[in-house]
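One structure is given here, and the rest of the page talks about it.
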Amino acid sequence: LQRIYHHRFYPLVLVFAYLCLLGIDVILLDYLSKGDITNLLKKWVPWGLKINFFLLLVSLVLCYRDFRNLIGRFLNKKGLLLGILFIFAFLMTALVVPRTHRIYYDEDIYANVGQNIALTTQTGYCNYGTFEYGEYYPHWITYNKEPSGWPFLISLMFQVFGVNELYAFLLNNLFFAAGVLTAFFITLQVTGRYVAAFLSALAFTLIPHNLIWSNTAAAEPSSALFAGLTFLSLMVFLKTGEDRHLFLASLILPFACQMRPESLFLVPLAAGVLLVVSPRTFAHRKLWTFTLLTTLFFLPHILHFHAVSGHSWGAEGSKFSLAFLGHNLSTNGLYYLNDRQFPVVLTVLAASGLFCSRGLVKWRILLLMWFLLFWGIFLFFYAGSYQYGADVRFAV
Numbered sequence: 449l450q451r452i453y454h455h456r457f458y459p460l461v462l463v464f465a466y467l468c469l470l471g472i473d474v475i476l477l478d479y480l481s482k483g484d485i486t487n488l489l490k491k492w493v494p495w496g497l498k499i500n501f502f503l504l505l506v507s508l509v510l511c512y513r514d515f516r517n518l519i520g521r522f523l524n525k526k527g528l529l530l531g532i533l534f535i536f537a538f539l540m541t542a543l544v545v546p547r548t549h550r551i552y553y554d555e556d557i558y559a560n561v562g563q564n565i566a567l568t569t570q571t572g573y574c575n576y577g578t579f580e581y582g583e584y585y586p587h588w589i590t591y592n593k594e595p596s597g598w599p600f601l602i603s604l605m606f607q608v609f610g611v612n613e614l615y616a617f618l619l620n621n622l623f624f625a626a627g628v629l630t631a632f633f634i635t636l637q638v639t640g641r642y643v644a645a646f647l648s649a650l651a652f653t654l655i656p657h658n659l660i661w662s663n664t665a666a667a668e669p670s671s672a673l674f675a676g677l678t679f680l681s682l683m684v685f686l687k688t689g690e691d692r693h694l695f696l697a698s699l700i701l702p703f704a705c706q707m708r709p710e711s712l713f714l715v716p717l718a719a720g721v722l723l724v725v726s727p728r729t730f731a732h733r734k735l736w737t738f739t740l741l742t743t744l745f746f747l748p749h750i751l752h753f754h755a756v757s758g759h760s761w762g763a764e765g766s767k768f769s770l771a772f773l774g775h776n777l778s779t780n781g782l783y784y785l786n787d788r789q790f791p792v793v794l795t796v797l798a799a800s801g802l803f804c805s806r807g808l809v810k811w812r813i814l815l816l817m818w819f820l821l822f823w824g825i826f827l828f829f830y831a832g833s834y835q836y837g838a839d840v841r842f843a844v
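First residue of the sequence shown? That's 449 in the working numbering, and the numbers climb one at a time after it.
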């Protein structure tokens, strides 16, 4: 394999492999109807997510030395404080915040899709099913317009512990606490300072809607966590240059993109991280070798967006339009300034860190890009206002 990798014609092999993968999608898009594609995706998506998740676990095993060194580094008072914050975050969202469905019927659909993946290895919600002697039989499964990443994670809990919506809540509680650690290590990678990292993690913990939505069965907490993990894994790779870290990042990215429709913006964000911090990376065959795997797991997701295009999403008119910009901009901008739903002190600190501090220019640009992508997309969405029903969850 090393001889093949270093052969002078290897770049041509890579190009051919990429063309073959993309050609599969082109052929399917050209020859199959949307109905045929959704029927294909019902079975293809769960298996793709299973393989992606399994390889993610393999990549974590390959990084065991890094985790061992990390644990050794934090076997002290600093590590104890971080552990206390992790437990505090979990208990806050699990025991203090009301546990409830805040968006109907999306959360019920996520849980049912997870139930169907666990039972039939097909993704979709049940349009017709029966309970016979207490056993659930989904006879008619309809493909859901939302990506299946979050329901797949729920399905893993159902397969291990049995079907109970409590596990979806507990999983989000855990994801919130894991998000606290992710915020900590992102800041630690950027600044190298424990105090700054700890305060960042604490800020993440105290944002009200982070807490509120992490005790629901909504998809936003998982979307936020895996976005952070994608960003963090790329940071670690750029710092070390190790193959195992690039392998991990190349697997997290396609998995993270299947949490929410807008999660696809992680692709330009990831490209931006590599381009801003180390543009020479794009000239290395190592990057294109590992992202071949990323492309493979993206194939069903590309088909997904084609298959669900044309859905009304509850809109009578346009779903995305400049006409929504003015209202959504004022509403979603004031969200960070009026000190009612979001602590304005965090807004002030974020702005001062981004625009008034010295150094770390590249990382400040990337953090601002991260915010603008996921905040900006909803400014043009008909239901993108944080005051539109329960859509304040988009702020998570």
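Cβ atoms here follow ideal geometry from the backbone N, Cα and C, with glycine treated the same way. These numbers come from a predicted model, not from an experiment.
- DSSP, read as helix, strand or coil, puts Phe730 in helix.
- Counting C-beta pairs closer than 8 Å gives three or more between the stretch 620-628 and the stretch 533-549, which meets the contact rule.
- Ile565 has its alpha-carbon roughly 39 Å from the corresponding atom of Val724.
- Looking at the backbone, the Cα of Tyr591 and that of Gly832 are separated by about 24 Å.
- Distances from the CA of Phe679 to each of Val844, Phe713, Phe772, Lys593 were compared; the closest alpha carbon is that of Phe713.
- Under the DSSP assignment, Gly627 falls in the alpha helix (DSSP H) whose first and last residues are 614-639.
- Leu618 is a Cβ neighbour of Ala542, given a cutoff of 9 Å.
- Taken atom to atom, the span from the alpha-carbon of Glu594 to that of Ser603 is near 16 Å.
- With distances taken between CA atoms, His454 lies nearest to Thr737 out of Thr742, Ala675, Thr737.
- Contact check for Val638 against Trp811 passes: the beta carbons are separated by less than 9 Å.
- Closest option to Ala672, judged by alpha-carbon separation, among Lys491, Leu469, Ala843: Ala843.
- In terms of Cβ geometry, Pro494 and Thr569 form a close pair [threshold 9 Å].
- Taken through DSSP and simplified to helix, strand or coil, Ile750 comes out as helix.
- Under DSSP, Gly577 shares a beta bridge with Pro586.
- The way I'd put it, the stretch 714-721 does touch the stretch 677-691; three or more beta-carbon pairs between them come closer than 8 Å.
- At a Cβ-Cβ threshold of 9 Å, Phe685 and Leu699 do not count as neighbours.
- Shortest Cα-Cα distance from Thr742 to any of Phe753, Glu613, Ser662, Leu701 involves Leu701.
- The C-beta distance from Thr486 to Ala755 rounds to 5 Å, short enough to fall under 8 Å.
- Assignment of beta-bridge partners to Phe768 by DSSP yields Phe829.
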